[in-house]
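Report on the structure given below.
2 protein chains.
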Amino acid sequence: MKDMRIAIDGMGGDNAPQAVVDGVIKAINEYSDLEFYITGPEEIIKEELHKQNYEGDKITVVNATEVISNNEHPARAIKRKKDSSLCKALELVKEKTCDAVISAGSTGAFLTGCTLIVGRIKGVKRPALTPIMPGKNGPFMIVDAGANVDCKPEYLVQFAYMGKEYYKGVLKGENPSIGLVNIGSEEEKGNDLTKNTHKLLKEEENLNFIGNIEPRDITTGNTNVLVCDGFVGNTILKMYEGTASTVLKIIVEEMLSSGAKAKIGAFLLKPVFKSIKKKFDYKEYGGAPFLGVDGICIKAHGSSDGKAIKNAIRQSKEFHDNKVLDKIKEQLELKSE
Amino acid sequence: MKDMRIAIDGMGGDNAPQAVVDGVIKAINEYSDLEFYITGPEEIIKEELHKQNYEGDKITVVNATEVISNNEHPARAIKRKKDSSLCKALELVKEKTCDAVISAGSTGAFLTGCTLIVGRIKGVKRPALTPIMPGKNGPFMIVDAGANVDCKPEYLVQFAYMGKEYYKGVLKGENPSIGLVNIGSEEEKGNDLTKNTHKLLKEEENLNFIGNIEPRDITTGNTNVLVCDGFVGNTILKMYEGTASTVLKIIVEEMLSSGAKAKIGAFLLKPVFKSIKKKFDYKEYGGAPFLGVDGICIKAHGSSDGKAIKNAIRQSKEFHDNKVLDKIKEQLELKSE
Chain A
1 MKDMRIAIDG MGGDNAPQAV VDGVIKAINE YSDLEFYITG PEEIIKEELH
51 KQNYEGDKIT VVNATEVISN NEHPARAIKR KKDSSLCKAL ELVKEKTCDA
101 VISAGSTGAF LTGCTLIVGR IKGVKRPALT PIMPGKNGPF MIVDAGANVD
151 CKPEYLVQFA YMGKEYYKGV LKGENPSIGL VNIGSEEEKG NDLTKNTHKL
201 LKEEENLNFI GNIEPRDITT GNTNVLVCDG FVGNTILKMY EGTASTVLKI
251 IVEEMLSSGA KAKIGAFLLK PVFKSIKKKF DYKEYGGAPF LGVDGICIKA
301 HGSSDGKAIK NAIRQSKEFH DNKVLDKIKE QLELKSE
Chain B
338 MKDMRIAIDG MGGDNAPQAV VDGVIKAINE YSDLEFYITG PEEIIKEELH
388 KQNYEGDKIT VVNATEVISN NEHPARAIKR KKDSSLCKAL ELVKEKTCDA
438 VISAGSTGAF LTGCTLIVGR IKGVKRPALT PIMPGKNGPF MIVDAGANVD
488 CKPEYLVQFA YMGKEYYKGV LKGENPSIGL VNIGSEEEKG NDLTKNTHKL
538 LKEEENLNFI GNIEPRDITT GNTNVLVCDG FVGNTILKMY EGTASTVLKI
588 IVEEMLSSGA KAKIGAFLLK PVFKSIKKKF DYKEYGGAPF LGVDGICIKA
638 HGSSDGKAIK NAIRQSKEFH DNKVLDKIKE QLELKSE
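Sequence lines, in order, name chains A and B. Residue 1 is where the first sequence starts when you use this note's numbering, and the numbers rise one by one after that. Residue 338 is where the second sequence starts when you use this note's numbering, and the numbers rise one by one after that.
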């Protein structure tokens, strides 16, 4: 089989290009069937490769003189900065030089760029950003987590199909359960969007739709794929991060302000807290795929280190090897027939 | 000054009537200027009063033969069960026998009942459920947390004014900061509702509007009053509860499955975990006022015990003593002039 080729935005993310190059080298050492195209100012990327002592032939540096920052207007940046590391990486997928693209840069620019340059799968109404998150009893996915703030019921039905195929292919679960995020478990609860979406999802025989899921129960991880509009999905994502961080901070504060006994207790529990931190570590899960575009497009976390980049690469490899893109197309075609 | 009179749904909540009667007696022992009207089947309430050895003259039992459960359709239940403990309690406020009403029963029935029986303040477009929640650096309020799932920008502006007056009167903070829940900090971020609400809030000179607040930052408690539609507010409320509970459960599981050292550590930290649990205890904060109705209407948590009921009573007393209702009316009138 031919090697899989991955385009990676060499200048995307808080720790670029160091973390990007580090992650790519880690992946090359782990997988023998991957090739990389790193985009960015040639000298800077080559210097980094040199610094990290890479001398193999699995990496091509693609020169790109511009960089898109987090503060730029996404659509404007994509249209104007054709020679940016992000646009160049997206072009590599569009022209089929590469099978996948990964960026840890601006989320807005990445989503806009994927839609404008890579393009949507025929029939997909709205692509969706789909982070995988750690739940108590297993990982779960949110579709959509921020790409589409105003949604129609039909979009959410497509989100469910795309999420299902991604879960099956990458998280390796047969017949994943699909839940509709709602503020009540009963069918008639919710806003116009959820009430109408519930009706549609109930009719879908090819989905393991288990009904409404209240946000209180999301983090157990008992439901595999959660569909909602991007405003609600992004709220869930950020409440999860914010609350987990607040709770852990309060625990540390309380321990430090308590007596000597508590301090000894905290010391003895250090390995436990370390393992908990690992459980909540987004780096373990790689990035968030942007489902519905006609290519494998993975958004890595802005603060990704080498390990997170490597995991995003592993994720794009699973996406590719398990033909998730073809399966999404099949499902959506079947549905529209 | 005349005693304040409080109507309380004797049969509302998982622990009624025991918890209700317990809470009322606790409040009578603490505050000398309160009188109570407990609604419910006369014999049952009187038996409970007898069980708890109450013999004073501050409590009137108002007979009500029906009970509204959580499983009933709210509007239907309010219309059909005129002789329910909830409807009777609401009627006492409507006819001005009482100054406030408290119920730990069905939230849906309570909100519908307050709107239909007590009625809205003139000029209020939508009343809002407003829980007070514990943040890392102080309590914060969510307006609306579930009463209005589909909102218009004008509703949210009123939510901000009502939240402001409640915060000032009951949580005792001058010039509370008002934040708009949004998925980005920049003005142009968000969905149609938040973009248009942002524009309106910016123009309000009598509000200390500090801009968009991302859900990640809500639980710090640095912003006093957060406005959003009821779907998003309810999601925030339930994600907060769910995530805090998940994180604490994972910690306990990890501690128990780790070695002896971790178990000793956990033992030594017991008082710390107890104090954290208290920090997250809704019982400390009483209930959630339903702001915008023409009376003091407090929804206590369904699983309230006597202490939670007593705190909801304290809350309605502060609401009353600080004339929050009048101040809300003044603010909204000023605004509509």
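Note that CB positions come from ideal geometry on N, CA and C, so glycine has one too. Since the model is a prediction, treat every value here as computed from it, not as a measurement.
Whose C-beta lies closer than 7 angstroms to the C-beta of residue i among residues of the same chain, with five residues either side of it excluded?
i, result
"residue 653(B)", "343, 437, 439, 633 and 635"
"residue 499(B)", "465, 480, 628, 629 and 665"
"residue 65(A)", "41 and 83"
In chain A, which residues lie less than 9 angstroms from residue i when you measure between Cβ atoms?
i, result
"residue 581(B)", "243, 244, 246 and 247"
"residue 554(B)", "238 and 242"
"residue 595(B)", "269, 271, 272 and 275"
"residue 602(B)", "264, 265, 266, 267, 268, 269, 270 and 272"
Cβ of residue i within 8 angstroms of Cβ of residue j?
i, j, result
"residue 324(A)", "residue 204(A)", "no"
"residue 169(A)", "residue 322(A)", "yes"
"residue 44(A)", "residue 20(A)", "no"
"residue 458(B)", "residue 663(B)", "no"
"residue 160(A)", "residue 132(A)", "no"
"residue 584(B)", "residue 244(A)", "yes"
"residue 531(B)", "residue 543(B)", "no"
"residue 158(A)", "residue 334(A)", "no"
"residue 109(A)", "residue 16(A)", "no"
"residue 78(A)", "residue 107(A)", "no"
"residue 483(B)", "residue 579(B)", "no"
"residue 275(A)", "residue 590(B)", "no"
"residue 355(B)", "residue 392(B)", "no"
"residue 563(B)", "residue 477(B)", "yes"
"residue 368(A)", "residue 3(A)", "Outside the shown range of chain A (1 to 337) lies residue 368(A), about which nothing can therefore be said."
"residue 86(A)", "residue 68(A)", "yes"
"residue 239(A)", "residue 577(B)", "yes"
"residue 474(B)", "residue 510(B)", "no"
Which residues of chain B have a Cβ atom closer than 8 angstroms to the Cβ of residue i, listed in chain order?
i, result
"residue 77(A)", "None at all; the shortest Cβ gap to chain B is about 14 angstroms."
"residue 113(A)", "Residues of chain B passing the Cβ test: none, with the nearest at roughly 18 angstroms."
"residue 190(A)", "486 and 568"
What does DSSP give as the partner residues of residue i in its beta bridges?
i, result
"residue 296(A)", "100(A)"
"residue 145(A)", "In DSSP, residue 145(A) forms no bridge with anything."
"residue 76(A)", "Residue 76(A) pairs with nothing; no bridge assigned."
"residue 342(B)", "372(B)"
"residue 208(A)", "177(A)"
"residue 403(B)", "421(B)"
"residue 550(B)", "518(B)"
"residue 508(B)", "Partner(s): none; residue 508(B) has no beta bridge."
"residue 563(B)", "479(B) and 516(B)"
"residue 289(A)", "298(A)"
"residue 59(A)", "36(A)"
"residue 608(B)", "Residue 608(B) is not bridged to any residue."
"residue 470(B)", "477(B)"
Can you determine whether any heavy atom of the ligand ATP sits closer than 7 angstroms to the C-beta of residue i, and answer yes or no?
i, result
"residue 516(B)", "Only the bare structure without any ligand can be found here, which leaves the ligand ATP out of the picture."
Please list, in chain order, the chain A residues whose beta carbon lies closer than 8 angstroms to that of residue i.
i, result
"residue 490(B)", "Residues of chain A passing the Cβ test: none, with the nearest at roughly 14 angstroms."
"residue 592(B)", "269 and 272"
"residue 557(B)", "242 and 246"
What in chain B is Cβ-close to residue i, meaning under 7 angstroms?
i, result
"residue 125(A)", "Under the 7 angstroms cutoff, chain B gives no residues; its nearest Cβ is about 17 angstroms from residue 125(A)."
Within a Cβ cutoff of 6 angstroms, which residues of the same chain sit near residue i, ignoring the five residues on either side of it in sequence?
i, result
"residue 89(A)", "7, 9, 39 and 101"
"residue 28(A)", "58"
"residue 175(A)", "208"
"residue 567(B)", "481, 483, 484, 485 and 486"
"residue 360(B)", "643, 646 and 647"
"residue 270(A)", "none"
Near residue i, which residues of its chain fall below 8 angstroms by C-beta distance, leaving aside the five closest residues on each side in sequence?
i, result
"residue 319(A)", "100, 166, 169, 170, 289, 296, 298 and 325"
"residue 521(B)", "527, 549 and 551"
"residue 135(A)", "218, 219, 220, 221 and 222"
"residue 431(B)", "454, 455, 456 and 632"
"residue 533(B)", "490"
Residues of chain A with CB closer than 7 angstroms to the CB of residue i, please, in chain order.
i, result
"residue 681(B)", "Chain B is shown from 338 up to 674; residue 681(B) falls before or after that span and cannot be answered."
"residue 598(B)", "268"
"residue 560(B)", "Simply none; closest approach about 12 angstroms."
"residue 572(B)", "183, 215, 232, 235 and 236"
Chain D beta carbons: is any one of them nearer than 8 angstroms to that of residue i?
i, result
"residue 587(B)", "You won't find chain D in this structure, because its protein chains are A and B."
- Message: Under 9 angstroms, CB to CB, which of the residues in the region 201-213 of chain A have a partner in chain B?
- Response: In summary, no residue of the region 201-213 of chain A has a CB separated from any CB of chain B by less than 9 angstroms.
- Item | Contact residues within the region 368-391 of chain B, judged by C-beta distance below 9 angstroms to chain A | From the region 368-391 of chain B, no residue has a Cβ closer than 9 angstroms to chain A.
- Taking a cut of 9 angstroms between CB atoms, which residues from the region 604-616 of chain B lie near chain A? Within the region 604-616 of chain B, contact with chain A at the beta-carbon level (separation under 9 angstroms) is assigned to 604, 605, 606, 607, 608, 609, 610, 612, 613 and 616.
- Message: Tell me which residues of the region 479-507 of chain B have at least one Cβ-Cβ distance to chain A shorter than 8 angstroms, keeping chain order.
- Response: Within the region 479-507 of chain B, the residues whose Cβ lies closer than 8 angstroms to some Cβ of chain A are 483, 486 and 487, listed in chain order.
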